[in-house]
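The structure under discussion appears below in the form of structure tokens.
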Ligand code: FPP
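In the numbering used here, the protein residues as written are 10 to 266.
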């Protein structure tokens, strides 16, 4: 399928653009998409520039994909921006990332306000510098009534850490663990307001989950793109969506022929 032949047609009733393939078949859009943004460092190396500039290019790519996701009707977009393991990086790189996050959250705010997007954060953001988590709180607060799309940013997020924090919190609330159900767990994770991803995208050709949404991706379709995150364009995004359209989702059951 040639993505350059994809047509987008406005659907004014729903305030989105519908995607059609070259044979005029409608392309279905996953309601919930999660992305592991990988390859900023390799992009910087390829362009012979400092790693920080690779991350800056990654922020710019994210702005484009957020806007496109909202435009075509994705309801939940969740991105992995800083993991609990990323603290192992050099102080210089971590500080550069924090500065970039602060700067680009401003740009995300503009896009969210313009496009009726609710911003949320998953992960233990309160281990970040105060100016950064204050900004996160502010953005959550000012966008809390927006309802076109939920854009969730994973900041200081690790799936195992999320599960441990959840169990500790339930324990402190004297939860009766003898009666626990899967729904109780889903409803108490950081992602309680996010639909489990239909599609998980990872860029830069790595076949790893890296401690991202391990509980939530039980039945997600996985798409690995060879493209480095800063080079991930809306056409690459379409490729992932086309691939999703070709999957046969059975959720463990079988389809009657
Ligand atoms: C992984 O690339 C990427 C990161 C650790 C940071 C990702 C963050 C962004 C793209 C920006 C998000 C911005 C906001 C405002 C939410 P890497 O450095 O591991 O790449 P490498 O594997 O090629 O070295």
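Just so you know, even glycine gets a beta-carbon here, dropped at the ideal spot from N, CA and C. From a predicted model like this one, the values you see are computed outputs, not experimental measurements.
If you draw a straight line from the C-alpha of residue 156 to the C-alpha of residue 134, how long is it?
Translated into positions along the chain shown, residue 156 becomes position 147. Translated into positions along the chain shown, residue 134 becomes position 125. Cα-Cα distance, rounded: 23 Å.
Under 7 Å from any heavy atom of the ligand FPP, does the C-beta of residue 6 make it?
With the chain represented from 10 up to 266, any question about residue 6 goes unanswered, as that position is not in the structure.
Note down the Cα distance separating residue 66 from residue 56, rounded to an integer number of angstroms.
Looking up residue 66 in the chain shown gives position 57. Looking up residue 56 in the chain shown gives position 47. In this structure, the CA atom of residue 66 is about 11 Å from the CA atom of residue 56.
Please name the residue or residues paired with residue 211 in a DSSP beta bridge.
The residue labelled residue 211 in the question sits at position 202 within the chain shown. Listed as beta-bridge partners of residue 211 by DSSP are 45 and 233.
Do residue 60 and residue 70 have their C-beta atoms closer together than 8 Å?
Here residue 60 refers to the residue found at position 51 of the chain shown. Here residue 70 refers to the residue found at position 61 of the chain shown. No; because the gap between Cβ atoms is not below 8 Å, this pair is not in contact.
Under 7 Å: does the beta carbon of residue 166 sit that close to some heavy atom of the ligand FPP?
Translated into the one-based positions of the chain shown, residue 166 becomes position 157. In terms of side-chain proximity, the C-beta atom of residue 166 is found no nearer than 7 Å to any non-hydrogen atom of the ligand FPP.
Cα-Cα separation, residue 165 to residue 137:
Residue numbering aside, residue 165 sits at position 156 when the chain shown is read from its first letter. Residue numbering aside, residue 137 sits at position 128 when the chain shown is read from its first letter. Rounded to the nearest angstrom, the two C-alpha atoms are 8 Å apart.
When the Cα atoms are used, what is the spatial distance from residue 83 to residue 203?
Locating residue 83 in the chain shown gives position 74, where the first residue counts as 1. Locating residue 203 in the chain shown gives position 194, where the first residue counts as 1. Each residue's Cα considered, the two are about 12 Å apart.
Nonlocal neighbours in the same chain, by C-beta distance under 6 Å from residue 230, ignoring five residues either side:
Walking along the chain shown from the start, residue 230 turns up at place 221. Only 208, 253 and 256 meet the Cβ criterion.
According to the Cβ coordinates, are residue 226 and residue 211 closer than 8 Å?
Looking up residue 226 in the chain shown gives position 217. Looking up residue 211 in the chain shown gives position 202. Their beta carbons are not under 8 Å apart, which means residue 226 does not touch residue 211 by this criterion.
Are the region 107-127 and the region 75-91 touching by the rule of at least three beta carbon pairs closer than 8 Å?
Between the region 107-127 and the region 75-91, the count of Cβ pairs shorter than 8 Å is three or higher; the stretches touch.
C-alpha gap between residue 176 and residue 201, whole angstroms:
By one-based count along the chain shown, residue 176 stands at place 167. By one-based count along the chain shown, residue 201 stands at place 192. Each residue's alpha carbon lies about 14 Å from the other.
I'd like the span of the alpha helix (DSSP H) that includes residue 101, first residue to last.
For this step, residue 101 is matched to residue 92 along the chain shown. 100-124 is the span of the alpha helix (DSSP H), which, as asked, contains residue 101.
Grab the span of the beta strand (DSSP E) containing residue 161 for me, first residue to last.
Looking up residue 161 in the chain shown gives position 152. If you look at residue 161, you'll find it in the beta strand (DSSP E) that goes 158-166.
Based on Cα-Cα distance, which residue from 100, 247, 163 and 28 lies nearest to residue 129?
Counting from one through the chain shown, the residue named residue 129 turns up at place 120. Cα-wise, what sits closest to residue 129 is 163.
With hydrogens ignored, establish whether the beta-carbon of residue 51 is closer than 7 Å to any heavy atom of the ligand FPP.
As a working note, residue 51 is residue 42 in the chain shown. Yes, the beta carbon of residue 51 sits closer than 7 Å to at least one heavy atom of the ligand FPP.
Whole-angstrom distance between residue 258 and residue 31, CA atom to CA atom:
Mapped onto the chain shown, residue 31 falls at position 22. Mapped onto the chain shown, residue 258 falls at position 249. Rounded to the nearest angstrom, the two C-alpha atoms are 24 Å apart.
Can you name the start and end residues of the beta strand (DSSP E) that residue 25 belongs to?
Within the chain shown, the letter at position 16 stands for residue 25. 25-29 is the extent of the beta strand (DSSP E) around residue 25.
DSSP puts residue 170 in a beta bridge; with which residues?
For this step, residue 170 is matched to residue 161 along the chain shown. According to DSSP, residue 170 bridges with nothing at all.
Residue range of the beta strand (DSSP E) that includes residue 92
Translated into the one-based positions of the chain shown, residue 92 becomes position 83. Element bounds for residue 92: 85-92.
If you check the beta carbons only, do residue 12 and residue 248 fall under 8 Å apart?
Within the chain shown, numbered from 1, the residue matching residue 12 stands at position 3. Within the chain shown, numbered from 1, the residue matching residue 248 stands at position 239. Contact flag set, yes.
Considering only C-alpha positions, which residue in the set 46, 78, 58 and 48 is nearest to residue 37?
As a position in the chain shown, residue 37 is number 28, starting the count at 1. It is 78 whose Cα lies nearest to the Cα of residue 37.
Within 10 Å of its beta-carbon, does residue 113 have 16 or more other beta-carbons around it, so buried, or fewer, so exposed?
Along the chain shown, read from residue 1 onward, the residue named residue 113 stands at position 104. With 16 or more other Cβ atoms within 10 Å, it is buried.
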